[in-house]
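Visitor:
Residue numbers (the numbering used here): 61 to 514.
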């Protein structure tokens, strides 16, 4: 099955070392991708002031809300490609890849138009203060011009992850990340474009990573080779991508809607709290990127082993992923808690902003391993082709809990610390529901595999 040095045989041999080999390049890749926004935040916070910092930060939740549906759908492309690859179904693999890349291009163009037209209105609905809304809207409009590049990179990288290749996307993001840093410094310090400068730098870096991943797929010799003349949308593959991807995308979108509500609550404290939340949320973003890499590994490994009927190996994959995710999250979470003030001082030197960020980090960083476990169970279920029920349970456990917290309990205890207690609380509730769901779905999948062998 293994056809090149970049691919990983997920269906045979030891598991933990392969999970690490898959996950760690993806962790670094995800962190680099997040650094596109982090560099923007650090540069404007240092050289353009706290208002510019708040302006860029106030767009984070909205950008995620707009884009996560289509990013979630890329998970469907990953699962489908992993199945076809493991089963040696080369024709279906090729057609699924071309359908996924065509879908990425269409969705990217669509998101560019949505972002250009709806950015300011969405920011106003969130209660973005008047002193930052113009800069926030400008940043979002420029950022969304890069959506076609952003989508094509993510779908292309999803195809590479399906065959176990997480190393080349890492190299591509290294190149793009260095370009982003250079452009941000040039367009903010040398050419003082402030918020517009960091947005332009981010779009340019996304273009670089997109070109590199498409070139990689074009030059590949395997069943996932890309030919632009064969780009098309085939209904049979689109349906299968949507079966897994749309529930995942809806789940991510709705969860980010709850984050938008949290952002609105933070906005009510003023621009200083907004700047503190921006920096703290960026730190949490790095933690999430690390554990999400393990979730991606769990989904890809589970999907490949499910396609060849290795149920016991699927169980070992989930168990090893829980150990790996919890270990990584605890190390990083405790580190962020202990070094919180020093980390936040990278983003800003203003004492009040740092204090607001510390208030948020004090309740969210150490228990962040719960978030990793919460995401792993749906990841395993998606690998088995079951995405709808985990979506519903995640929405109930995460979103409903946070909405109740924001509108029932928070008004009587107005502090950032109390507001963000909703994070670990919602993670625990969701884990309990997802564990029950997994037990029932696993039994169903075992029966299906036994029937297929009979």
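The beta carbon of each residue, even a glycine, is placed where N, CA and C say it ideally should be. On a predicted model such as this, the values are computed, not experimentally measured, just so you know.
Using a Cβ-Cβ cutoff of less than 8 angstroms, which residues in the same chain neighbour residue 316 once the five nearest sequence positions on both sides are dropped?
Guide: Closer than 8 angstroms at Cβ, skipping near neighbours: 121, 124, 125 and 128.
Visitor: Would you tell me roughly how many angstroms separate the C-alpha atoms of residue 116 and residue 511, rounded to the nearest one?
Guide: In a straight line, the C-alpha of residue 116 is about 54 angstroms away from that of residue 511.
Visitor: Considering only the beta carbon of each residue, do residue 183 and residue 197 sit closer than 8 angstroms?
Guide: In contact: residue 183 and residue 197 (Cβ atoms closer than 8 angstroms).
Visitor: First and last residue of the alpha helix (DSSP H) that includes residue 360?
Guide: It spans 331-367 - the alpha helix (DSSP H) in which residue 360 sits, taken as one unbroken run.
Visitor: Considering only C-alpha positions, which residue in the set 396, 379 and 393 is nearest to residue 498?
Guide: Checked all of 396, 379 and 393; the closest Cα to residue 498 is 379.
Visitor: DSSP on residue 67, reduced to helix/strand/coil?
Guide: Correct three-state label for residue 67: coil.
Visitor: Taking Cβ to Cβ, would you say residue 431 is nearer than 8 angstroms to residue 297?
Guide: Their beta carbons are not under 8 angstroms apart, which means residue 431 does not touch residue 297 by this criterion.
Visitor: Which one of 382, 338, 369 and 367 has the shortest CA to CA distance from residue 358?
Guide: Checking every option, the nearest Cα to that of residue 358 belongs to 382.
Visitor: From what residue to what residue does the alpha helix (DSSP H) around residue 241 run?
Guide: Start and end: 227-245.
Visitor: So what does DSSP say about residue 155, is it helix, strand or coil?
Guide: Three-state DSSP puts residue 155 in a helix.
Visitor: Apart from the five residues just before and just after residue 425, which ones in its own chain have a Cβ nearer than 6 angstroms to its Cβ?
Guide: Closer than 6 angstroms at Cβ, skipping near neighbours: 393, 396 and 397.
Visitor: At 4 residues or longer, what runs of the alpha helix (DSSP H) sit wholly inside the segment 129-217?
Guide: Counting whole runs of 4 or more residues, the segment 129-217 contains the alpha helix (DSSP H) stretches 150-185 and 190-205.
Visitor: Quick one: grab the DSSP three-state call for residue 309.
Guide: Looking at residue 309 - three-state DSSP - the assignment turns out to be helix.
Visitor: Let's test the definition: count the other Cβ atoms within 10 Å of the Cβ of residue 143 and tell me whether it reaches 16, buried, or not, exposed.
Guide: Residue 143 is buried by the Cβ-count criterion.
Visitor: Can the beta-carbon of residue 192 be found less than 8 angstroms from the beta-carbon of residue 325?
Guide: No; because the gap between Cβ atoms is not below 8 angstroms, this pair is not in contact.
Visitor: Starting from the C-beta of residue 461, find all residues in its chain whose C-beta is less than 7 angstroms away, skip the five residues before and the five after it, and write them out in chain order.
Guide: Closer than 7 angstroms at Cβ, skipping near neighbours: 482, 485, 486 and 489.
Visitor: Exposed or buried, what is residue 435 when buried is set at 16 or more other beta-carbons lying within 10 Å of its beta-carbon?
Guide: By the 10 Å Cβ count, residue 435 comes out buried.
Visitor: Give the secondary structure of residue 85 by DSSP, where H, G and I count as helix, E and B as strand, and everything else as coil.
Guide: Residue 85 falls in the helix class under three-state DSSP.
Visitor: Would residue 344 and residue 419 be called neighbours here (beta carbons separated by less than 8 angstroms)?
Guide: Cβ distance not < 8 angstroms, so residue 344 and residue 419 don't count as in contact.
Visitor: When you compare each of 390, 166, 229 and 401 to residue 83 by their alpha carbons, which one comes out closest?
Guide: Of the listed residues, the one whose Cα sits closest to residue 83 is 229.
Visitor: Going by the beta-carbon positions, is the gap between residue 327 and residue 187 smaller than 8 angstroms?
Guide: A contact, by the Cβ cut-off of 8 angstroms.
Visitor: Using three-state DSSP, classify residue 408 as helix, strand or coil.
Guide: In this structure, residue 408 counts as coil in the three-state DSSP scheme.
Visitor: Please look up how many angstroms separate the CB atoms of residue 440 and residue 362, rounded, as I've assumed it's under 8 angstroms.
Guide: About 5 angstroms; that satisfies the 8 angstroms criterion.
Visitor: Nearest-angstrom Cα distance between residue 449 and residue 210?
Guide: Taking the straight line joining both Cα atoms gives about 28 angstroms.
Visitor: With respect to the alpha helix (DSSP H) encompassing residue 456, which residues constitute its N-terminal and C-terminal limits?
Guide: Counting along the chain, residue 456 falls outside any alpha helix (DSSP H), and DSSP gives it neither H nor E.
Visitor: Taking residue 268 as part of the alpha helix (DSSP H), name the residues at either end of that continuous run.
Guide: Run containing residue 268: 255-279, per the alpha helix (DSSP H) assignment.
Visitor: For the 8 angstroms Cβ check, are there 3 or more pairs between the segment 277-296 and the segment 157-174?
Guide: They touch, by the three-pair rule.
Visitor: Between the alpha carbons of residue 438 and residue 351, how many angstroms are there, rounded?
Guide: Straight-line Cα distance between these residues: approximately 13 angstroms.
Visitor: Can you grab the Cα-Cα spacing for the pair residue 459 / residue 74, in whole Å?
Guide: Their backbone Cα atoms lie some 37 angstroms apart in a straight line.
Visitor: With the cut-off set at 8 angstroms, would you say residue 354 and residue 385 are in Cβ contact?
Guide: Result yes, Cβ atoms of residue 354 and residue 385 sit closer than 8 angstroms.
Visitor: Would you identify the three-state DSSP class for residue 106, choosing helix, strand or coil?
Guide: Residue 106 falls in the helix class under three-state DSSP.
Visitor: Give me the residue from 101, 80, 207 and 304 with the minimum Cα distance to residue 165.
Guide: If we check each option's Cα against that of residue 165, 207 comes out closest.
Visitor: Output yes or no for whether 8 angstroms exceeds the beta carbon distance between residue 310 and residue 260.
Guide: No.
Visitor: Let me know the alpha helix (DSSP H) ranges lying completely inside the segment 373-409, each 4 residues or longer, listed in chain order.
Guide: Segments of the alpha helix (DSSP H) lying fully in the segment 373-409: 400-407.
Visitor: Between the C-alpha atoms of residue 141 and residue 411, what's the straight-line distance to the nearest angstrom?
Guide: Each residue's alpha carbon lies about 49 angstroms from the other.
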